[in-house]
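> Here my numbering is used: the first residue of the sequence shown is 67, the next is one more, and so on.
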Amino acid sequence: MFIIIRKIISLFFIRLPYILKEYFFSLKYYSSLKPVRSCCITKGINYIGRKKTILPHPIGIVIGRGVVLGENCAIYQNVSIVSKQESYPIIGDNVTIYANAVLIGKIRIGNNVVIGGRSCLY
Numbered sequence: 067m068f069i070i071i072r073k074i075i076s077l078f079f080i081r082l083p084y085i086l087k088e089y090f091f092s093l094k095y096y097s098s099l100k101p102v103r104s105c106c107i108t109k110g111i112n113y114i115g116r117k118k119t120i121l122p123h124p125i126g127i128v129i130g131r132g133v134v135l136g137e138n139c140a141i142y143q144n145v146s147i148v149s150k151q152e153s154y155p156i157i158g159d160n161v162t163i164y165a166n167a168v169l170i171g172k173i174r175i176g177n178n179v180v181i182g183g184r185s186c187l188y
């Protein structure tokens with residue numbers, strides 16, 4: 067009988083507060099986390115057509131101010147579409163640009179093109 071009472075006391079006064087403390091701390095910590103999203107899309111992007119660009123994973127995307135985007139473009143994470151000078155890339159309709167691709171300078175991407183990940187076009 068003494069062993070049973072000792073186990074009950076151990077459970078309620080020693081283990082249970084520790085378990086509850088860890089549980090509520092984890093709820094407080096994980097509920098305060100917010101998703102990180104960072105894009106640098108400057109003003110002055112030209113859209114051709116009515117449909118907008120899709121950004122499935124909008125993290126680390128950089129689009130310069132003079133870029134021309136066609137209809138139904140999909141741009142994935144860490145894509146840079148930039149130029150050092152005033153001549154920016156022109157991207158056609160139905161173009162998909164996968165992760166970590168870099169488009170630099172005065173280039174023209176046609177319609178229905180898929181640009182693979184880690185590509186560099188200049």
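Where is the CB? At the ideal position from N, CA and C, for every residue including glycine.
1. Could you check which residue in Asn-166, Tyr-142, Lys-150, Asn-138 has the C-alpha nearest to that of Asn-177?
2. Is it the case that the Cβ atoms of Ile-170 and Tyr-142 are separated by a distance below 8 Å?
3. Assuming Ile-107 contacts Ile-129 (C-beta within less than 8 Å), just tell me the rounded distance between them.
4. Could you name the residues of the same chain whose beta carbon sits closer than 6 Å to that of Val-145, not counting the 5 residues immediately before and after it, in chain order?
5. What residues in its chain sit with their C-beta under 8 Å from that of Lys-190, if we drop five residues either side in the sequence?
6. Ordered along the chain, which non-local residues of its own chain (more than five positions away) have a Cβ less than 6 Å from that of Ile-181?
On the basis of the data shown:
1. Along the sequence shown, read from residue 1 onward, the residue named residue 177 stands at position 111. Closest option to Asn-177, Cα to Cα, is Asn-138.
2. Locating residue 170 in the sequence shown gives position 104, counting from the first residue. Locating residue 142 in the sequence shown gives position 76, counting from the first residue. Not in contact: Ile-170 and Tyr-142 (Cβ atoms no closer than 8 Å).
3. Within the sequence shown, residue 107 is the residue found at index 41, counting from 1. Within the sequence shown, residue 129 is the residue found at index 63, counting from 1. Right, their Cβ atoms sit about 5 Å apart.
4. In the sequence shown, counting from the first residue as 1, residue 145 sits at position 79. Ile-127, Ile-163, Ala-167.
5. In the structure displayed, the chain extends from 67 to 188; residue 190 sits before or after that span and is not available.
6. Walking along the sequence shown from the start, residue 181 turns up at place 115. Taken in chain order, the residues that qualify are Ile-163, Ala-167.
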